[in-house]
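S.K.:
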Amino acid sequence: CELIATKAYKAGEEVFCSYGPKSAADYLLEHGFCPPQCWKTAVSEITLEIDPEDRFYDDKLDILEFETYDQAPMDPAQSFDVVSAPGRDGEPDPAMIQFARLKQLGGLDAFLLESLFRKEVWGFMSLPVSEKNELAVVEAISEVCESALEDLNQCPEGGPEVCTKLRESETKALKRTLEFMLREKEALDLKEYYQERRLKDLGLDSEWSPEDDMMDPDLNFGQTRQPGGADYDW
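Using my numbering, the letters of the sequence shown map in sequence onto residues 823 to 1056.
(1) Might you give, ordered along the chain, the residues of its own chain that have their beta carbon closer than 7 Å to the beta carbon of V960, omitting 5 neighbours on each side?
(2) Among T993, V865 and D915, which has the Cα closest to the Cα of P843?
(3) Whole angstroms are fine: how far does the CA of Q920 sit from the CA of R1020?
(4) Are the beta-carbon atoms belonging to L935 and D880 less than 7 Å from one another?
(5) Report the option in S969, G945, K862 and K925 whose CA atom is closest to the CA atom of D897.
(6) With DSSP collapsed to three states, give me the class of Y911.
(7) What does a CB cutoff of less than 7 Å around S906 pick up in its chain, not counting 5 residues either side in sequence?
(8) Helix, strand or coil: which one does DSSP assign to A864?
(9) Just to confirm the assignment, what range does the alpha helix (DSSP H) spanning S964 have?
(10) So what does E871 bridge to, in DSSP terms?
(11) Have a look at Y831 and F902 and give me their C-alpha separation to the nearest angstrom.
(12) Return helix, strand or coil for S991, following the three-state DSSP convention.
(13) Ends of the alpha helix (DSSP H) at M918?
(14) What does DSSP give as the partner residue(s) for S906 in the beta ladder?
(15) Applying the criterion that 16 or more other CB atoms from any shown protein chain within 10 Å of the CB defines a buried residue, is P858 buried or exposed?
(16) Using beta-carbon positions only, say whether L1000 and S964 come within less than 7 Å of one another.
(17) Taking Cβ positions, are A922 and L870 nearer each other than 7 Å?
(18) Exposed or buried, E942, counting other C-beta atoms within 10 Å across all chains shown (16 or more means buried)?
(19) Please list the terminal residues of the continuous alpha helix (DSSP H) segment that includes A846.
(20) Looking at Y1015 and W950, is the spacing between their C-beta atoms short of 7 Å?
(21) Answer with buried or exposed for L1026, where buried requires no fewer than 16 other C-beta atoms within 10 angstroms of its C-beta.
(22) Looking at C-alpha atoms only, which residue of Q900, M918 and K862 is the closest neighbour of R910?
(23) What would DSSP say about K882, mapped onto helix, strand or coil?
(24) Can you tell me the Cα-Cα spacing of G981 and S952, whole angstroms?
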């Protein structure tokens, strides 16, 4: 490892080195120690992967490759940090939720995988797609968190104190994330999904009644709007 000084130092003068922002696990794995400040934020890592048996596997890979065409292609298996820190309620990385929505996309929502939407579908995944898809996302992330917690519980007791603190830190991060996902599950009916947003964009989200037409004297029988009065973005 080569260190380059940014200023002149006297012989015997103390030199400080920054290792950059890392989790306690990364510090321990890469450098063999954990600075005190890294324990203020509990971090763990979970991995989500698009199932190779998914009937839409190739479509989803194509979307990931399209979104990263000027970089290294996005891998169908992605790892994300889950964090528990002061002032945070366990909300996961938005990129993880976005990837999970694409991972779980299927059924009646699979129309979004058509080539017509190929340039837009990744952006669509940044917002809730459907209640069924959102439920699948919540359950998938919850399952990964529960599996990781079970693995941590099976770790043998004892060992260096730093390892014990690391397990406690990762357990805290996973539990906070799991608690957040369970709250999300209870609030699925409060979210706005793709079809609702699309109808709103087209101005078709309001309820119609016969009185609406009767109030406009310029409309003939059977007309619902003035000719040429639609505002569609074709």
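For every residue, glycine included, the Cβ atom is placed at its ideal position computed from N, Cα and C.
All values reported here derive from a predicted model rather than from experimental measurement.
M.R.: Concretely, from the data shown:
(1) Against the sequence shown, residue 960 aligns to sequence position 138. Excluding positions up to five away in sequence, the list reads M1003, E1006 and K1007.
(2) Here the question's residue 843 lines up with position 21 in the sequence shown. Among T993, V865 and D915, the Cα nearest to that of P843 is on V865.
(3) Residue mapping note: residue 1020 aligns to position 198 of the sequence shown, counting from 1. Residue mapping note: residue 920 aligns to position 98 of the sequence shown, counting from 1. Roughly 19 Å between the two C-alpha positions.
(4) Sequence index remark: in the sequence shown, residue 935 carries index 113 (1-based). Sequence index remark: in the sequence shown, residue 880 carries index 58 (1-based). Contact: no.
(5) Position 75 of the sequence shown, counting from 1, holds the residue named residue 897. The shortest Cα separation from D897 among S969, G945, K862 and K925 belongs to K925.
(6) Taking the sequence shown and counting its residues from 1, the one referred to as residue 911 is at position 89. Note that residue 911 is Asp in the sequence shown, not Tyr. Reduced to three states, the DSSP call for D911 is coil.
(7) The residue given as residue 906 occupies position 84 in the sequence shown. Answer for S906: A864, G912, K994, A995 and R998, listed in chain order.
(8) Numbered from its first residue, the sequence shown carries residue 864 at position 42. The answer is strand: DSSP assigns A864 an E or B state.
(9) Position 142 of the sequence shown holds residue 964. Looking at the DSSP string, the run of the alpha helix (DSSP H) that includes S964 is E953 to N975.
(10) By 1-based counting over the sequence shown, the position of residue 871 is 49. Beta-bridge pairing links E871 to A899.
(11) Locating residue 831 in the sequence shown gives position 9, counting from the first residue. Locating residue 902 in the sequence shown gives position 80, counting from the first residue. Their Cα atoms are separated by approximately 40 Å.
(12) Walking along the sequence shown from the start, residue 991 turns up at place 169. In this structure, S991 counts as helix in the three-state DSSP scheme.
(13) Against the sequence shown, residue 918 aligns to sequence position 96. From DSSP, the alpha helix (DSSP H) with M918 extends over P916 to Q926.
(14) As a position in the sequence shown, residue 906 is number 84, starting the count at 1. Answer by DSSP bridge pairing, in chain order: A864.
(15) Position 36 of the sequence shown, counted from the start, is the residue given in the question as residue 858. Classification for P858: exposed.
(16) Residue 1000 sits at position 178 when you count from the first residue of the sequence shown. Residue 964 sits at position 142 when you count from the first residue of the sequence shown. Yes, Cβ-Cβ distance for L1000 and S964 is below 7 Å.
(17) Within the sequence shown, numbered from 1, the residue matching residue 922 stands at position 100. Within the sequence shown, numbered from 1, the residue matching residue 870 stands at position 48. Yes; because the gap between Cβ atoms is below 7 Å, this pair is in contact.
(18) Walking along the sequence shown from the start, residue 942 turns up at place 120. Classification for E942: exposed.
(19) Residue 846 sits at position 24 when you count from the first residue of the sequence shown. Here the alpha helix (DSSP H) through A846 covers A846 to H853.
(20) In the sequence shown, residue 950 corresponds to position 128, counting from 1. In the sequence shown, residue 1015 corresponds to position 193, counting from 1. First, the amino acid is wrong: residue 950 is Pro here, not Trp. Yes, the Cβ-Cβ distance between P950 and Y1015 is below 7 Å.
(21) Along the sequence shown, read from residue 1 onward, the residue named residue 1026 stands at position 204. Exposed: under 16 other Cβ atoms inside 10 Å.
(22) Taking the sequence shown and counting its residues from 1, one reaches residue 910 at position 88. Comparing Cα positions, the closest option is K862.
(23) Position 60 of the sequence shown, counted from the start, is the residue given in the question as residue 882. Helix at K882.
(24) In the sequence shown, counting from the first residue as 1, residue 981 sits at position 159. In the sequence shown, counting from the first residue as 1, residue 952 sits at position 130. If I take the Cα positions, the gap works out to 47 Å.
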